Amino acid sequence: MTLLPRAMGSLLRSALLLGCCAAPVTAIPDQRLSTPPPLPVWPLPRAATTGAASSALLPEQFALGIATDTPSTALEAALERFRLRAFPHPSGPPAAAAASQTVVTGLTVHVFDSTVALALGVNESYTLTVPVSGNATISAATVFGAYHGLETLSQLVQFSFDTESYQIDELLPLHIHDTPAFAHRGLLLDTARHFQPVSSLLRVIDSLAMAKINVLHLHMSEDQSFPAASRVHPELAAKGAWSHHERYTWQELRQVVGYGSARGLRVIPELDMPGHATSWRESHPELFSTG
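Position one of the sequence shown corresponds to residue 1405 (the working numbering), numbered consecutively onward.
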C-alpha cells in the first residue's frame, strides 16, 4: 500500500489515539473451541483443526458458488475480489499440477441471511472447511462473516514460482471456526490535519478489510482545516480547507462510505464542535471572539 508521506504520520498518530478517541469497545464473550495451530492467517482464527496434506488449486477451473435464499450482488462482488486476491499470478498448465496432487476444485459460500445490514454488533462469525480434495465451503450468518471467511481462505492459498502453481500446503483437511473478539475494531484517520485523497482512503479500506478491521473513523474537522463538503454550508470547506484542491465533495464521501460497507467496514465521519473549530472562522468570523 502506498500512501502520501504525511498520510503515514496520520496513520501512526491514529494508532496512538485510537484508545482515547474511539468509542468504547465491547468484548464478545470468549467462545474458543480450542487453541488454533500456527496458520499463515492474520488475525489468527478463534479455533482451527488441521491435517498435514497438501492440495492444488487450479484458477481456471476453480468454481465459485453462492448458497443463499436472497441474491446478493455484494457477495458476488466479494467472490470476484477473492478470485483476484487468491490467484494474482498467471499459472502454468493445469494438467501438470492436477497430475501431481489432489485438487481443491472450488468453493461454495453459504449465507443464512444476506439482507442483514452492517451495524455495531452484527454477526461476523464464519466457518471454513477445506477438504483434501473436492469443494471447500464457507458458512456464515451474514455476508460480513462470509467476507472474513473469503479473506482467510485467500491467505491460505500459496503460489509457487518454481512450479507456477497454487496450493494449500500441509494443512488439509482444514476446519476453522472464527468470530471476532471485539465488536468494534477500528482505525482513526485524521483527514483534517493531514488531508488524504479519496484514492488513499480506498486503499486504506482495502487494507483494513484484509485484517478484518470493521471501522474506519474519519476525523474531518479541526482547527487546521475543514475538508468535508456541506450542501447546507458549502462555505465551510470552500474557505476552511487547506487549499481549493484539498477537500471532499459529498459524492466522494458517499463513495467512501459505500466502498467500506461493501467490504464490511463502517465508515464514520466525525465533525467536531464547539471545540476544534477554528477553521470555521475563515467563513464565519462573526461566531468567534476577537480577543
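For every residue, glycine included, the Cβ atom is placed at its ideal position computed from N, Cα and C.
All of these numbers come straight from a predicted model, not from anything done at the bench.
- With respect to the C-alpha of threonine 1531, the residue from Val1660, Glu1574 and Pro1449 having the closest C-alpha is Pro1449.
- Taking the CA atoms as reference points, phenylalanine 1599 sits about 16 Å from leucine 1591.
- Here aspartate 1594 is near histidine 1623, since their CB atoms are less than 8 Å apart.
- At a Cβ-Cβ threshold of 8 Å, alanine 1613 and glutamate 1555 count as neighbours.
- Counting C-beta pairs closer than 8 Å gives fewer than three between the stretch 1576 to 1591 and the stretch 1650 to 1664, which falls short of the contact rule.
- When DSSP states are grouped into helix, strand and coil, threonine 1477 belongs to the helix group.
- Per the C-alpha coordinates, the member of Ser1543, Ser1611, Val1536 and Tyr1663 positioned closest to alanine 1460 is Val1536.
- For histidine 1493, same chain residues with a beta-carbon under 6 Å away, outside a window of 5 residues either side, are Phe1563 in chain order.
- Between serine 1625 and aspartate 1676, the CB-CB gap stays under 8 Å.
- Our two residues, glutamate 1674 and glycine 1668, have alpha carbons roughly 19 Å apart in a direct line.
- Counting of Cβ neighbours within 10 angstroms places leucine 1524 among the exposed residues, the total staying below 16.
- In the displayed model, glutamate 1626 falls within coil according to three-state DSSP, outside both helix and strand.
- Between serine 1558 and phenylalanine 1486, the C-beta spacing is below 8 Å.
- Secondary structure of glutamate 1574 (DSSP, three-state): strand.
- Listed as beta-bridge partners of glutamine 1562 by DSSP are Gln1571.
- Closest option to alanine 1666, judged by alpha-carbon separation, among Asn1618, Ala1596, Gln1571 and Leu1691: Asn1618.
- Rounded to whole angstroms, the gap between the alpha carbons of phenylalanine 1548 and serine 1693 is 48 Å.
- Assignment of aspartate 1610 by DSSP, reduced to helix, strand and coil, places it in the helix class.
- For glutamate 1656, the uninterrupted alpha helix (DSSP H) run begins and ends at 1654 to 1665, by DSSP.
- DSSP, reduced to helix, strand and coil, places leucine 1461 within a strand of the structure shown.
- By the beta-carbon neighbour count (other beta carbons within 10 angstroms, threshold 16), arginine 1635 is exposed.
- Relative to the Cα of glutamate 1568, the nearest Cα in the group Ala1478, Glu1574, Val1445 and Leu1462 belongs to Leu1462.
- Within the DSSP bridge table, the entry for isoleucine 1580 names Ala1452 and Leu1532 as partners.
- Contact annotation: asparagine 1539 and threonine 1509 have beta-carbon atoms nearer than 8 Å.
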